[in-house]
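The block underneath contains the structure these notes are about, expressed in structure tokens.
Chains as they are written, first to last, in the working numbering: chain A, 1 to 188; chain B, 1001 to 1461.
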């Protein structure tokens, strides 16, 4: 008998087999999801910029990063994977990625490997910019997973603000190993 | 890696040493209570908090009741996703699987993000003895690793370290300026130091917060981004988990992700909640399912519930004993209340002291996001350990004596009279080192008469 077989056999023998129908959760949804998203994101160290449409993306980027054109940047477009070795992004200063949707209760943005170019991009960059339509902000994680549903992503992640740590005597420091800053551009 | 409080002994001995520095204990206590308060604020902000706890508890009950089916479902779907699935009955088996995967790559330096399961298995020590250098990339874990210690808290590994001490440690190991204790500068130094490790590591080990049966994916939550950075730069991702970390459906993540960070640190969610489903095109992903006594515990009506744990450490932060004795007093990978009901299951003799390191106040049960009846299990363990002869002899004799006195009205009356008389005429016979209740406390003033005597005198007509 293999370890697998022994483990499974013990589990089968010892489990009670009782069927439990878990209770439903009724989430309280804040009526203004966009406002709650913005407030929460700011409270966790993120930044928010409102823009009217796609044409304002680049001017907004220049506002946040005045020397944007001289920085090491990556702007993956949806569905296209970067060919490069992930290590080549080591000095990436700004990554601009389209988020799929945002979650108001925690300021998180859901993105999948489809939009990242390379999976390392959102984590290795020094500054992360995510673009979201205001209409794609949902109230809670329950709404989020309803929206994700059975999607066939290979890798997905919720990113809520810049990376952080409070390991040094509980002092919150923004910028641990991931991005030091996180900005969300919300398209009206 | 040493599990300190300046070495050995049981919880009481270690806690006694920890308490010699009263100012430090006060600081440790306050710091952890502060984390508890953050959790409270986050919980109270959600009107449906108790609803969430109940739902999470029931989902976990369902998982444990039907674990066999859920494990098979997870394995099937993970394999379909291209993830290699391994099974390990013991820590030794787990460690060997990890070592073999690493050795096949011919590498000797790897990175690891936080995984209590790997602590439970003693993975770092095992790999080190096999010539493989493991760099713990969570900042708190890296700090204790550089210091040669074990983590003292499962979420806040170096909560027992002051920033001046971290500054000195970094000065020695990372070359930061002497005397600098600025958290921002120290974190930046750690970022640079660890980035070099991420970039040069071909293998990344992570833990698993949740493994989803219906989609064969697993979720890893961090604030630092160390798990993700390590994995995305590596050729091999090894994920280590206990078999109880399964949840049935992807949508169940809504409930658990809403509860986890709020319970742990008071944040609405960790910065990163990464869902690993299918490997990168150029990468292998291995997941190791570890038993180590979990399948046995499943049979126990008394202790099964402990397997619901999602490792948030809310119970640590609220526990007055943990706050005032520190994680190293528990001499085990997972300390605190949950650790005290898990460890004796692994080794009753070695961890017999832990269920007694409690006031049974029940605060742990009250804050547990998945409603584990921790304080009840602590009590049940005490009974079991005592009947099996693992309680300390003083306790066992003391309980026998108390039972004899309390079980007989005449003995009880005589004992009370004697005690009151002794406290009046020769208090030094009771107020001395042999009396455990006299340590750090004044004994109460003996009353002139017992309640019974007073009642007889004033009430009988």
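For each residue, glycine too, the CB sits at the ideal point set by N, CA and C.
What does residue i pair with, by DSSP beta-bridge criteria?
i                       : result
residue 3 of chain A    : Partner(s): none; residue 3 of chain A has no beta bridge.
residue 129 of chain A  : A/96, A/183
residue 1238 of chain B : B/1205, B/1286
residue 74 of chain A   : A/95
residue 101 of chain A  : A/110
residue 1247 of chain B : B/1212
residue 173 of chain A  : A/165
Compute the beta-carbon to beta-carbon distance between residue i and residue j, rounded to the nearest angstrom, for a pair I have assumed lies under 8 angstroms.
i                       : j                       : result
residue 1114 of chain B : residue 1207 of chain B : 6 angstroms
residue 1260 of chain B : residue 1221 of chain B : 7 angstroms
residue 1056 of chain B : residue 1256 of chain B : 6 angstroms
residue 157 of chain A  : residue 1275 of chain B : 6 angstroms
residue 3 of chain A    : residue 1075 of chain B : Between residue 1075 of chain B and residue 3 of chain A the Cβ distance is about 13 angstroms, and since that is not below 8 angstroms, they are no contact.
residue 89 of chain A   : residue 118 of chain A  : 7 angstroms
residue 17 of chain A   : residue 1066 of chain B : 6 angstroms
residue 129 of chain A  : residue 185 of chain A  : 7 angstroms
residue 1271 of chain B : residue 1225 of chain B : 7 angstroms
residue 1234 of chain B : residue 1201 of chain B : 6 angstroms
residue 1062 of chain B : residue 11 of chain A   : Between residue 11 of chain A and residue 1062 of chain B the Cβ distance is about 14 angstroms, and since that is not below 8 angstroms, they are no contact.
residue 1304 of chain B : residue 1311 of chain B : No, residue 1304 of chain B and residue 1311 of chain B are not in contact; Cβ-Cβ is about 17 angstroms, not under 8 angstroms.
residue 1386 of chain B : residue 1401 of chain B : Not quite, the Cβ-Cβ distance comes to about 14 angstroms (not below 8 angstroms), so this is no contact.
residue 1232 of chain B : residue 86 of chain A   : 6 angstroms
residue 1364 of chain B : residue 1374 of chain B : 4 angstroms
residue 14 of chain A   : residue 1299 of chain B : 4 angstroms
Start and end of the beta strand (DSSP E) containing residue i?
i                       : result
residue 1217 of chain B : 1217-1222
residue 190 of chain A  : Outside the displayed span of chain A (1 to 188) sits residue 190 of chain A, for which this structure offers no information.
residue 1274 of chain B : 1272-1276
residue 1210 of chain B : 1210-1212
Could you pull the start and end residues of the alpha helix (DSSP H) that residue i belongs to?
i                       : result
residue 1162 of chain B : Note, residue 1162 of chain B: premise wrong, no alpha helix (DSSP H); not H, not E.
residue 40 of chain A   : 33-43
residue 1183 of chain B : 1183-1200
residue 1227 of chain B : 1226-1232
residue 1260 of chain B : 1252-1264
residue 1058 of chain B : 1049-1065
residue 15 of chain A   : Neither: residue 15 of chain A is in no alpha helix (DSSP H) and is coded neither H nor E.
residue 1340 of chain B : 1336-1346
residue 57 of chain A   : 57-64
residue 1402 of chain B : 1393-1406
residue 1374 of chain B : 1374-1387
residue 1435 of chain B : Careful: residue 1435 of chain B lies outside any alpha helix (DSSP H) and carries neither H nor E.
residue 1416 of chain B : 1409-1425
residue 1370 of chain B : It is not in any alpha helix (DSSP H) - residue 1370 of chain B carries neither H nor E in the DSSP assignment.
residue 1035 of chain B : 1022-1044
residue 1011 of chain B : 1011-1018
residue 1315 of chain B : 1314-1318
residue 1453 of chain B : 1451-1459
residue 1295 of chain B : 1294-1297
Just to confirm, does residue i get its C-beta within under 8 angstroms of one of the non-hydrogen atoms of the ligand ATP?
i                       : result
residue 1374 of chain B : Among the ligands in the structure shown, none appear at all, so the ligand ATP cannot be discussed.
Report the start-end ranges of each alpha helix (DSSP H) in the stretch 104-158 of chain A that is 4 residues or longer and not cut off at the edges.
113-116, 121-124, 141-148
List, from N- to C-terminal side, the beta strand (DSSP E) runs of 3 residues or more that fit wholly inside the stretch 1071-1156 of chain B.
1084-1088, 1109-1112, 1133-1136
At least 3 beta-carbon pairs within less than 8 angstroms: the stretch 1071-1078 of chain B vs the stretch 1012-1027 of chain B:
The stretch 1071-1078 of chain B is not in contact with the stretch 1012-1027 of chain B.
Measuring CB atoms only, is the stretch 1189-1197 of chain B touching the stretch 131-139 of chain A, in the sense that at least three cross pairs come out at less than 8 angstroms?
no
Looking at C-beta atoms only, is the number of pairs between the stretch 21-32 of chain A and the stretch 44-58 of chain A that lie closer than 8 angstroms three or more?
no
Could you say if the stretch 1118-1129 of chain B and the stretch 1093-1101 of chain B meet the contact criterion of at least three C-beta pairs nearer than 8 angstroms?
yes
At least 3 beta-carbon pairs within less than 8 angstroms: the stretch 176-188 of chain A vs the stretch 1281-1300 of chain B
no
Take every Cβ of the stretch 1345-1365 of chain B, pair it with every Cβ of the stretch 1009-1018 of chain B, and state whether three or more of those distances are shorter than 8 angstroms.
yes
Could you tell me whether the stretch 1161-1176 of chain B touches the stretch 1332-1341 of chain B, where touching means 3 or more Cβ pairs closer than 8 angstroms?
In short, these stretches do not touch, since the Cβ pair count stays below three.
Is it the case that the stretch 1099-1109 of chain B contacts the stretch 1243-1251 of chain B, given that we only count it when at least three CB pairs across the two stretches are under 8 angstroms?
no
Hey, is the stretch 113-127 of chain A in contact with the stretch 54-74 of chain A, meaning 3+ C-beta pairs nearer than 8 angstroms?
Short answer: they touch.
The stretch 158-173 of chain A contacting the stretch 1130-1144 of chain B, beta-carbon criterion three pairs below 8 angstroms
yes
Using a Cβ distance threshold of 8 angstroms, determine whether the stretch 1339-1348 of chain B contacts the stretch 1279-1288 of chain B, with at least three qualifying pairs required.
no
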